[in-house]
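Peer 1: Mind looking over this structure? Questions follow.
Number of protein chains: 2
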Amino acid sequence: MTGVAHQKWWGWGVEGVAFNHRDKPKMAPFVYDKVGIDLNAPGSPPPNFDDLDVPAPRIGEELTGTLTAAVGREHVRDDDLERVIHTYGKGLPDLVRVRAGDLPRVPDVVVYPADESQVQAVVDAVVAADAVLIPFGGGSNISGSLTPPADEQRTVVSLDLGRMNRVLEVDEEAGLARIQAGVQGPDMEDQLNSRGWTVGHQPDSFRHSTLGGWIATRSSGMQSDKYGDIADITRGLRMVQPGKVVVLRPLPSTSTGPSVREMILGSEGRLGVVTEAWVHVHRLPENRDIIAYLYPSWDAALAAMQEISVSDAAPTVTRVSDANETQFSLSTQKESAGLKGKAQQALFDVLARRGWDLEQACLSYIGYEGGAGKVKAEKNVVGRIVRRHGGIKLGRGPGALYDQKKFDTPYIRDFLLDIGGLADVSETAAPWSKLPEVYMATTRAAREAFERIGVRGFIMCHLSHSYHSGACLYFTFAFAPGVDGAQEQLERYWTVKKAIQQTFVDLGATLSHHHGVGTDHAHWLEEDISPAGTDVMVSLLQGVDPGRNLNPGTIIPAQREW
Amino acid sequence: MTGVAHQKWWGWGVEGVAFNHRDKPKMAPFVYDKVGIDLNAPGSPPPNFDDLDVPAPRIGEELTGTLTAAVGREHVRDDDLERVIHTYGKGLPDLVRVRAGDLPRVPDVVVYPADESQVQAVVDAVVAADAVLIPFGGGSNISGSLTPPADEQRTVVSLDLGRMNRVLEVDEEAGLARIQAGVQGPDMEDQLNSRGWTVGHQPDSFRHSTLGGWIATRSSGMQSDKYGDIADITRGLRMVQPGKVVVLRPLPSTSTGPSVREMILGSEGRLGVVTEAWVHVHRLPENRDIIAYLYPSWDAALAAMQEISVSDAAPTVTRVSDANETQFSLSTQKESAGLKGKAQQALFDVLARRGWDLEQACLSYIGYEGGAGKVKAEKNVVGRIVRRHGGIKLGRGPGALYDQKKFDTPYIRDFLLDIGGLADVSETAAPWSKLPEVYMATTRAAREAFERIGVRGFIMCHLSHSYHSGACLYFTFAFAPGVDGAQEQLERYWTVKKAIQQTFVDLGATLSHHHGVGTDHAHWLEEDISPAGTDVMVSLLQGVDPGRNLNPGTIIPAQREW
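Written out as structure tokens, the structure reads:
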């Protein structure tokens, strides 16, 4: 027993938890209307693991022996379930492929080191054997960063950091904690909260992702407006490389040349294995509120969000959904919750009389933290901006509801897959001046792609993570592929996904704000950071890992691998 | 005529401006007491340029021809004055050496490109000729980043960006401006202020440093608490490399793998020549105030500054001087200004009666910007923290005075050099929990070094640039070296400087918070970012510049150059 809990091998989250629409009466009609999928249709049961044809492990006795000596026999696993769990992340292509038993290359062995010295021994053994090492945290990656290249001939070792899950120390004076990289979000926060501290990092994947994974992919969280992206939060770290450890001591800021810290952030295992990090911790806030607002249009909402970003208010959460996502959110309300029933209808009637086109309304959440005076002042500042753009305040109820539900969304994807629907996300960031065009062109590109492949599709979007100069746009799209085979479905999926990503980079937006590059987005790297910028990155990765032993194939486009 | 103004070849700032102590009656007695230097002694006149023995340029006709074709005959300069100006920055060792005519290696030619295509032509010509390229902005560097290696046998080309000094565009909606790298601080702010914008970046070198220089060294400014360090401010850039241009489009944030932007920041010319950048711009603030406070002790001041950094206040400037620097500041007051004469004495009498040891008092400046409500609320928050730590508010007068004088300090160094005194600075950053020990150990190490070399020396310090997890400590030290020759003086200087820097890295503080590595600090790089971290950096730089044509010798310790 490794003692490390994993997500379902075939889907998001833990066994026994699933999305259910039966207490959300408006959802089925909404989905049927938009993409023609009947939520009440009988779904396929989850696939049967025993039906999978899992390739046998390819590993020499010598390497097995060294790994066993490094981490102990019970922490070297080569059974099929372990290896399949470590083959994929949880992106839509991952889920479609694993459900279909598409397993061209599976890690040959999974190891669970207990500490940094064991990580060092594993890394050294892997490189000495000219094998391939893929670090694995919570397995929640959705950019294809975890899957071995299909044509990889060398032994593939998955290094699962799940046993390295402790908060090692809290420097209360500096607001820093030293934490092992394999800790998952809830476990980390439990350990910290009990001492009165929080990191405040809340990506959608929070429940099943790890500190090391956040660092490896440059993660952001719902509250990043206050707490910072993981790149801001991470002040020092240790990373094991073949034969040595990079040690970056915790520093508030430094001018030691090109930032090695910022080279490791986002490196997806290609520079080594992060074993622990010093991260910002904060006292649990005195007050915490998430307030919902409603805008009459997306343009009004965007303009308001930009104004908030340069105002005297510094909210912790800034989020606004476009009209489609607002409609979707309303359709997924439980009858007993939120802006409910009659009260909601009464409000909408009032707004309609004021001339609102309710089909265009956009729902927004703004979070506040701090002393009572600060929170009140910021609400006033935001309230004035919202009103100036024709918006209204809905209040605390919907905000609290959003706060409770925020980590449940990924389960919907599996539910849709069960009944034949494909849903996925693409997110980007761009300057405020470009956001309206990025938004319009992306939704248009998706609609055109749906048309091209002859499906009914739906795309919705929210803005989150506001910065001085711009923000993140987060798109979710769904469609009924109209074909059965995994390969045929994924071809259609990629038609849509590529249309969206290409629009991002064509318009000066980035290929990803916080999901990372992985293999799924590597195709657009040169268009994002320029060919010469890609050369710089290749110089770095190739110099550190000339033998391509460390998670090869991620980040860098295939034709630029060495 | 290149049309580019330069600083004095032998000192800081412009001809005709010099420091004068005659209107500061307390200064001469203070300095005499602390380091035994008589400010009223007759100073040596500035050195005579004609006395210098400037080595002849070593450059082939072919390269001269290519450079002339690239930028035009009048923008290729090889006269002695131009070459000496481009030999050194303005660090203390630079000034001592240039005044002494110590010119073992001088750039062979200085070129002034007008635009990026000319920069490209110069870079390509230099690399084709296997020469060495050193980019030059305002020449204010104080880490030894501008000086050619003494033993460099190849032709050395100084590329002066002074003609590339325009604000190219302002994206008002995104709060971003595209600005050429060669613009100096005041020129840039003039161009922006006239349109209602500011970058808000105010390093001490502001009047004689450039945007490109700030980026190349990871500069910070007095107002970085609000406006961010240059690494935060710079959202996109263009950098010329041999045969190509790295183009990073302006993005609020991105997860495109290891950050190429953060590799270029702090690269001191070793990856190429930054030609322009997209930087944050802000509307000129509605209100701007700098308030002075006085604490009874350094420990009380540090504790208060830490509390302010995690409070609901977000001041633009956070600065506090130790007792020595406070005494020095009081000694340099004009009789007619600041906390003046009788009022000051009356205040000090009151504090003495309250039990203050006025020799231990610490002067602090806190800056506020924003709407009236925000400024008022923040002053209240800070005021409560100051009082809780036994401090008192002095008010606006001293703050305004500091604000006016803040860029004049560097002139004092030349004045001291004229009368035989050596003064320089070392700055670092560390977590709050380590700052008291870093402070004590550093001042002790300096005093021990003074003793070892048998001189009367003085060291003072201020804290600035507060972050969530720590702050910058900025030390200034001065002594009368007691010997005459430049080499002998510098030997003594390095004894002190090395003792200070070694203490930083021994105690977990960084080798520099914002002056960069250059050649002066390269010795401590491995102790700061670890040997393996240095390997990562070497992989990057060597991969990009295998022939060591781009500012070789900076950042990387000599024994690690390839």
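As they're listed, the protein sequences go chains A and B. Numbered per the numbering used here, the first sequence spans residues 1 to 562. Numbered per the numbering used here, the second sequence spans residues 1001 to 1562. Glycine included, C-beta positions come from ideal geometry on N, C-alpha and C. A quick note: this is a predicted structure, and the numbers were derived from the prediction, not measured.
Step through the CB atoms of chain B and report whether any lies within less than 8 Å of the CB of Trp-197/A.
Peer 2: By this cut-off, Trp-197/A is not an interface position.
Peer 1: Residue ranges of each alpha helix (DSSP H) run of no fewer than 4 residues wholly in the stretch 1154 to 1216 of chain B, ordered along the chain?
Peer 2: Counting whole runs of 4 or more residues, the stretch 1154 to 1216 of chain B contains the alpha helix (DSSP H) stretches 1185 to 1193.
Peer 1: Establish whether the CB of Lys-1374/B and some CB of chain A are separated by less than 8 Å.
Peer 2: Yes, Lys-1374/B lies at the interface with chain A (some Cβ there is under 8 Å from its Cβ).
Peer 1: Can a CB atom of chain A be found closer than 8 Å to the CB of Thr-1254/B?
Peer 2: It does; some Cβ of chain A falls within 8 Å.
Peer 1: In three-state DSSP terms, what is Val-1109/B?
Peer 2: Looking at Val-1109/B - three-state DSSP - the assignment turns out to be strand.
Peer 1: In whole angstroms, what is the alpha-carbon distance linking Glu-359/A and Pro-296/A?
Peer 2: C-alpha separation (whole angstroms): 9 Å.
Peer 1: Secondary structure at Glu-1061/B, three-state DSSP: helix, strand or coil?
Peer 2: Helix, per DSSP.
Peer 1: Report the rounded CA-to-CA distance for Met-1239/B versus Pro-531/A, giving the unit in angstroms.
Peer 2: The straight-line gap from Cα to Cα measures roughly 12 Å.
Peer 1: If you measure between the beta carbons of Gly-91/A and Gly-144/A, is that distance less than 8 Å?
Peer 2: Cβ atoms of Gly-91/A and Gly-144/A: closer than 8 Å.
Peer 1: Quick check on the DSSP output: the beta strand (DSSP E) that includes Thr-442/A runs from which residue to which?
Peer 2: Unbroken run through Thr-442/A is the alpha helix (DSSP H), 435 to 452; no beta strand (DSSP E).
Peer 1: Are three or more beta carbon pairs between the stretch 544 to 551 of chain A and the stretch 118 to 132 of chain A nearer than 8 Å?
Peer 2: Flag = yes, the stretch 544 to 551 of chain A and the stretch 118 to 132 of chain A touch.
Peer 1: Smallest Cα separation from Gly-272/A: which of Asp-124/A, Ser-466/A, Met-305/A and Thr-318/A?
Peer 2: Checked all of Asp-124/A, Ser-466/A, Met-305/A and Thr-318/A; the closest Cα to Gly-272/A is Asp-124/A.
Peer 1: Would you tell me roughly how many angstroms separate the C-alpha atoms of Arg-1235/B and His-1280/B, rounded to the nearest one?
Peer 2: The alpha-carbon atoms of Arg-1235/B and His-1280/B are separated by roughly 7 Å.
Peer 1: Could you tell me the distance, in whole angstroms, from the CA atom of Gly-228/A to the CA atom of Pro-104/A?
Peer 2: Spanning the two alpha carbons is a distance of roughly 39 Å.
Peer 1: With a threshold of 8 Å on Cβ separation, who are the neighbours of Met-1263/B within its own chain once the five nearest residues in sequence on each side are excluded?
Peer 2: The answer, listed in chain order, is Leu-1271 and Leu-1540.
Peer 1: Compute every distance between the C-beta of Ala-41/A and the non-hydrogen atoms of the ligand FMN, then say whether any falls below 7 Å.
Peer 2: Among the ligands in the structure shown, none appear at all, so the ligand FMN cannot be discussed.
Peer 1: Per DSSP, Gly-395/A is paired with what?
Peer 2: Answer by DSSP bridge pairing, in chain order: Ala-292/A.
Peer 1: My assumption, with CB atoms under 8 Å, is that Pro-315/A sits in contact with Ile-366/A. Please give the rounded CB distance.
Peer 2: Yes, they are in contact, since the Cβ atoms of Pro-315/A and Ile-366/A sit about 5 Å apart, within 8 Å.
Peer 1: Leaving out five residues on either side along the sequence, give the residues of the same chain with a beta carbon under 7 Å from the beta carbon of Gly-175/A.
Peer 2: So the list reads His-280, Val-281 and His-282, once near-sequence residues are dropped.
Peer 1: Can Phe-458/A and Ala-478/A be called in contact, C-beta distance under 8 Å?
Peer 2: Yes.
Peer 1: Just verifying my parser: in three-state terms, what is the DSSP assignment at Tyr-467/A?
Peer 2: Three-state DSSP puts Tyr-467/A in coil, outside helix and strand.
Peer 1: Run through the DSSP bridge pairs and tell me what Arg-1238/B is partnered with.
Peer 2: Paired residues: Val-1247/B and Glu-1276/B.
Peer 1: For a contact defined as C-beta to C-beta under 9 Å, what are the partners of Val-274/A on chain B?
Peer 2: The premise fails here: Val-274/A is roughly 13 Å from chain B at the closest Cβ pair, so nothing lies under 9 Å.
Peer 1: By the criterion of Cβ-Cβ separation under 9 Å, what are the contact partners of Ser-1566/B in chain A?
Peer 2: Because chain B here runs from 1001 to 1562, residue 1566/B falls outside it and cannot be looked at.
Peer 1: Pop quiz: Gly-508/A and Lys-434/A are said to be a contact at Cβ under 8 Å. What is the actual Cβ separation, rounded to whole angstroms?
Peer 2: Between Lys-434/A and Gly-508/A the Cβ distance is about 5 Å, and since that is below 8 Å, they are a contact.
Peer 1: Judging by CA-CA distance, which residue of Tyr-368/A, Val-4/A and Ser-469/A is the nearest neighbour of Asp-1312/B?
Peer 2: Out of Tyr-368/A, Val-4/A and Ser-469/A, Tyr-368/A has the C-alpha closest to the C-alpha of Asp-1312/B.
Peer 1: Among Asp-160/A, Thr-87/A and Pro-149/A, which residue has its Cα nearest to the Cα of Asp-115/A?
Peer 2: The option with the nearest alpha carbon to Asp-115/A is Asp-160/A.
Peer 1: Using CA coordinates, which residue listed in Val-106/A, Ala-28/A, Arg-195/A and Val-76/A is at the minimum distance from Asp-151/A?
Peer 2: Out of Val-106/A, Ala-28/A, Arg-195/A and Val-76/A, Val-106/A has the C-alpha closest to the C-alpha of Asp-151/A.
Peer 1: Give the secondary structure of Thr-326/A by DSSP, where H, G and I count as helix, E and B as strand, and everything else as coil.
Peer 2: Helix.
Peer 1: For the beta strand (DSSP E) that Gly-367/A lies in, which residues bound it at each end?
Peer 2: It spans 362 to 370 - the beta strand (DSSP E) in which Gly-367/A sits, taken as one unbroken run.
Peer 1: Using 8 Å as the threshold, is the stretch 1400 to 1407 of chain B in touch with the stretch 1453 to 1469 of chain B, meaning 3 or more CB pairs across them?
Peer 2: Contact between the stretch 1400 to 1407 of chain B and the stretch 1453 to 1469 of chain B is absent, because fewer than three Cβ pairs lie under 8 Å.
Peer 1: Fully enclosed by the stretch 1088 to 1149 of chain B, which beta strand (DSSP E) runs are 3 residues long or longer?
Peer 2: You should have 1109 to 1111 and 1132 to 1136.
Peer 1: Here's the rule: buried if 16 or more other CB atoms are within 10 angstroms of the residue's CB, otherwise exposed. What is Phe-1504/B?
Peer 2: Flag for Phe-1504/B reads buried.
Peer 1: Ile-392/A and Tyr-293/A - do their beta-carbons sit closer together than 8 Å?
Peer 2: Yes, these two residues count as a Cβ contact at 8 Å.
Peer 1: Measuring CA to CA, which of Leu-1473/B, Ala-1352/B, Glu-1307/B and Tyr-1493/B is closest to Met-1222/B?
Peer 2: Answer by Cα proximity: Leu-1473/B.
Peer 1: For the stretch 523 to 551 of chain A, enumerate the residues whose C-beta is nearer than 8 Å to any C-beta of chain B, in chain order.
Peer 2: For the stretch 523 to 551 of chain A, which is checked against every Cβ of chain B, the residues closer than 8 Å are Leu-525, Asp-528, Ile-529, Ser-530, Pro-531, Ala-532, Gly-533, Asp-535, Val-536, Met-537, Val-538, Ser-539, Leu-540, Leu-541, Gln-542, Gly-543 and Val-544.
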